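Presented below is the structure to which this report refers.
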Amino acid sequence: MKIFRIALLVAFAPAGLFAVDPPTPAPDFFVSPDGNDAWNGQAEKPGADNAGPFATVQRAQKAVRELKSALEKTPRRIIVSFTSGVHFLKDTWTFEPPDSGSEKMPVVYTGKEGAIISGGIKLQGFKIDDKGRWQLPIPEVARGEWAFTELFVNGQRHYRPRLPAESFYFVTAEMHTPEKPGEKHGVSADDHFIFADGQLNQDWRNLNDVEILTFHNWTMARMRVKEIDAANHAVTLSSKTRRMVKGGRFLVENVAEALAKPGEWYLDSKSGVLTYIPNPAEDPRESEVIAPRLERLVEIKGGFTPETNVSHIQFMNLTFKHCAVKFPPQGYASPQAEVNIPGAIHATGAVACSFDRCTVAQVGGYGIELAAGCKDCVVNDCDLIDLGAGGIRLGDTRYRDAAHASELAERNTIKNCFLAYGGRHYPAAIGIWIGHSPFNIVEHNEIFDFYYSGISAGWSWGYGNSNAHHNTFAYNHVHKIGQGVLTDMGAIYTLGVSPGTTIHHNLFHDVESHDYGGWGIYYDEGSTGIVSENNIVYNCKSASFHQHYGKENVVRNNILAFGTDNQLMRTRPEEHLTITVERNIVYFKDSNVLGSNWTGGKFALDNNLYWNAGAKPILFSKLPIDEWRKKGHDEHSIVEDPLFADPEKYDFHLKENSPASKIGFVPIDLTGVGPARARVRIENFPRAFPPCPNIVPKPSK
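To convert, take the position in the sequence shown, counting from 1, and add 15; that gives my numbering.
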């Protein structure tokens with residue numbers, strides 16, 4: 016669709032989106048990789064009279080606390096500036112209540128172009144063996160003091176060897192008793208399965224370091240090998256995960272004997288030797304090799320009262336990189352959305368704090384996590400890219416009643432952000448995840464190249480208590496989701512009772528699940544009181560819209576196009592009004608209009624326009640529209656060509672003589688969808704970004 020190209024977004028963006036930033040006051044303190052904590056921090060470069068930048072963030076924080084006291088009667092903004100270059104952290108950068116600013120005296124940590132805050136270590140001293148591989152003994156690894164599962168060479172993420180080299184292995188048989196009555200297939204726990212001849216080898220070096228990646232519908236577990244019974248082709252995993260059914264997919268990672276391709280690496284936990292196979296023209300003397308060491312880059316440790324929270328701290332123009340996720344000996348499994356994976360930047364009790372024009376990249380888990388008690392915080396115009404898990408998390412998985420309202424994360428804003436290339440280590444992660452958290456605004460973001468849902472809101476299955484209400488999702492562009500890796504997902508996915516939640520003026524497209532459940536807008540278990548209107552949704556495998564079950568939701572004035580299997584789906588009949596679908600344009604080619612279960616009658620479909628641009632007749636649950644209307648559905652809907660400008664090129668502008676006005680359809684204006692600020696590096700980065708070889712199958716299924 017032409018109007019969504021970045022160049023035109025700039026031309027047609029609403030006035031004020033590109034206002035020039037006001038001049039920034041001179042910094043109070045400087046921090047430099049070449050600094051010295053014995054200097055006064057008041058000069059960017061060393062000079063006379065002890066002038067010069069600090070070396071560490073901790074020394075700068077101490078200076079800020081001292082200056083705050085001196086400015087108590089004449090408050091103003093306090094600025095700490097990081098010089099260009101990589102600032103390697105020795106410890107997590109931690110903020111506590113004494114580090115807070117105030118509304119009149121905010122504390123700003125900003126960076127010059129190229130200022131990078133890194134939680135990694137630069138590895139040097141590689142030797143080249145007789146096979147041309149680089150090798151480096153790391154004593155801390157041999158002593159069991161350090162381990163890492165990610166490596167970055169010359170600014171690019173590199174992967175450990177995986178088997179098979181392409182596609183997947185498949186479970187040949189289950190080792191489990193039959194399911195109990197009522198047990199949901201594929202959900203019960205298990206820790207062993209039968210594999211095919213040649214897939215696993217009990218003689219592999221460091222067998223207990225080998226990881227089995229088991230793919231389930233909406234999760235992927237990482238388990239270590241506990242033991243292999245070669246005679247019976249049976250493997251026992253380090254811990255239980257969801258049942259591995261016959262035909263289930265799995266991969267094998269971190270096999271020393273499989274190290275073969277340029278760009279791959281292997282860390283021997285016993286000897287401590289890192290082995291890397293270089294790409295052509297790479298030289299160990301000129302290359303930058305970084306391994307993550309810290310498990311968290313920034314920690315904001317506030318409480319839930321005005322006296323104990325951390326407030327009015329601003330991060331600007333900083334890049335945060337290289338943060339590890341500790342992989343436990345028993346392996347790792349998550350129920351959904353990788354909610355147990357931490358954020359590189361983690362906050363509790365943060366109030367009126369912000370991240371503006373920052374980048375979080377090349378981290379092992381989520382990028383930014385605004386957890387319990389985070390209120391009125393803003394993430395604006397940030398890039399979150401090349402992520403081991405997901406992008407941004409708001410709130411947590413715990414419901415709070417009125418007595419614990421101070422612990423809620425609420426009234427936060429995520430806008431103008433670019434979130435891409437996620438799930439590189441934990442593919443079930445989300446671009447933007449909201450748990451039990453209300454009154455948030457998520458607008459003008461672009462989310463793409465993830466393997467599960469783009470946006471997820473809610474953490475309550477059924478009609479129980481939920482704090483995920485009155486959230487707004489507007490003008491977001493979510494695409495290239497799923498990519499055939501997992502199942503049961505949406506460009507936007509909702510859970511639980513969510514009154515006041517609106518999803519409007521978004522562009523959702525290209526959602527491809529492995530099996531069932533590649534949807535654009537997905538109301539899952541118990542979704543209630545949600546309104547989706549003025550969205551454009553197309554190229555979703557299962558349907559543009561699906562409601563599993565829910566209450567009194569609305570889908571109104573949307574364009575829903577080119578669902579591969581279906582256009583609209585509803586799964587569970589209930590005794591109450593489940594869904595109202597009205598004034599939508601539903602456009603497709605020879606696939607089903609309605610999928611799953613539309614029995615029971617407790618739904619309202621009317622004043623919609625349906626059109627099949629193919630050759631087959633249009634049927635509604637196998638009925639022609641006249642028979643369908645006799646059941647009380649779509650009485651005022653029409654079957655006519657809406658006359659889009661160029662639907663084959665996804666230009667859904669309506670021509671002047673469109674019949675859509677007959678159903679009261681209001682043309683959808685998505686001018687300004689996606690991030691408001693179109694930076695050159697955002698526009699160019701996707702074309703150069705490598706795919707994830709250890710998650711995405713090749714060839715794609």
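The beta-carbon is built from N, C-alpha and C at its ideal position, and this holds for glycine as well.
All of these numbers come straight from a predicted model, not from anything done at the bench.
Subject >> Bounding residues of the beta strand (DSSP E) (the contiguous stretch that carries Trp280) >> reply: 280-282
Original post:
Between Gly438, Lys137, Asn480, Gly380, which lies nearest to Gly469 when the distance is taken from Cα to Cα?
Top reply: Considering only Gly438, Lys137, Asn480, Gly380, the residue with the shortest C-alpha distance to Gly469 is Gly438.
**OP:** Please determine, among Glu567, Asn573, Thr579, the residue with the shortest C-alpha to C-alpha distance to Ser557.
**Re:** Thr579
Original post:
According to DSSP, is His520 helix, strand or coil?
Top reply: coil
**OP:** Compute the Euclidean distance between the alpha carbons of Ser133 and Ala362, then round it to the nearest angstrom.
**Re:** 18 angstroms
**OP:** Spell out the partners DSSP gives Pro176 in its beta bridges.
**Re:** Pro176 pairs with nothing; no bridge assigned.
**OP:** Give the straight-line distance between the Cα atoms of Leu402 and Gly263, rounded to the nearest whole angstrom.
**Re:** 26 angstroms
Subject >> Where Ile710 falls, given that 16 or more other Cβ within 10 Å makes a residue buried >> reply: buried
Original post:
What's the call for Pro343, buried or exposed, on a 16-neighbour Cβ count within 10 Å?
Top reply: exposed
**OP:** Find out if the Cβ-Cβ distance for the pair Arg239, Asp205 is shorter than 7 angstroms.
**Re:** no
Original post:
According to DSSP, is Pro293 helix, strand or coil?
Top reply: coil
Original post:
Quick one: Cα of Glu279 to Cα of Glu272, how far?
Top reply: Straight-line spacing of the CA atoms in Glu279 and Glu272 works out to 12 angstroms.
Subject >> Boundaries (first-last residue) of the beta strand (DSSP E) holding Pro708 >> reply: Note, Pro708: premise wrong, no beta strand (DSSP E); not H, not E.
Original post:
Is the CB-CB distance between Arg408 and Glu384 below 7 angstroms?
Top reply: yes
Original post:
Could you check where the alpha helix (DSSP H) with Lys430 kicks off and where it finishes?
Top reply: Element bounds for Lys430: not the alpha helix (DSSP H) but the beta strand (DSSP E), 428-430.
**OP:** Indicate the three-state DSSP secondary structure (helix, strand or coil) for Asn223 in the structure shown.
**Re:** Note: Asn223 maps to helix in three-state DSSP.
Original post:
Can you tell which of Leu609, Thr586, Ile594 has its C-alpha closest to the C-alpha of Phe577?
Top reply: Leu609
Original post:
alpha helix (DSSP H) containing Asp398: first to last residue?
Top reply: Segment 398-402 is the beta strand (DSSP E) holding Asp398; no alpha helix (DSSP H) there.
Subject >> Asn554 versus Gly410: straight-line alpha-carbon distance, rounded >> reply: 31 angstroms
Subject >> Cα-Cα separation between Pro756 and Glu87, rounded to whole angstroms >> reply: Residue numbering for the chain in the displayed model covers 16 to 716; residue 756 lies beyond these limits and cannot be assessed.
Original post:
Can you tell which of Cys338, Ala417, Thr374, Ser326 has its C-alpha closest to the C-alpha of Val366?
Top reply: Closest in C-alpha terms to Val366, from the list Cys338, Ala417, Thr374, Ser326, comes Ser326.
Subject >> Distance CB(Glu567)-CB(Leu592) smaller than 7 angstroms >> reply: yes
Original post:
According to DSSP, what are the bridge partners of Asn777?
Top reply: Residue 777 lies beyond the stretch modelled for the chain, which goes from 16 to 716, so this question has no answer here.
**OP:** For my contact list, Gly445 and Ser471 are in at a C-beta cut-off of 8 angstroms; report their separation, rounded to the angstrom.
**Re:** According to the sequence shown, residue 445 is Ile rather than Gly. The Cβ separation is near 5 angstroms, so the contact holds.
Subject >> For His337 and Ile305, believed in contact at Cβ under 8 angstroms, the rounded distance >> reply: 6 angstroms
Original post:
Between which two residues does the beta strand (DSSP E) harbouring Glu562 extend?
Top reply: Per the sequence shown, residue 562 should be read as Gln rather than Glu. Counting along the chain, Gln562 sits inside the beta strand (DSSP E) bounded by residues 558-562.
Original post:
So the beta strand (DSSP E) Gln582 belongs to, where does it begin and stop?
Top reply: 581-585
Original post:
For Val202, which of helix, strand or coil comes out of DSSP?
Top reply: Any reading at Val202 needs caution, since the residue's pLDDT is 45, under 50, leaving its predicted position unreliable; the model's value is listed next. The answer is coil: DSSP assigns Val202 none of H, G, I, E or B.
**OP:** Go ahead and label His419 buried or exposed: buried means 16 or more other beta carbons lie within 10 angstroms of its beta carbon, across all protein chains shown.
**Re:** exposed
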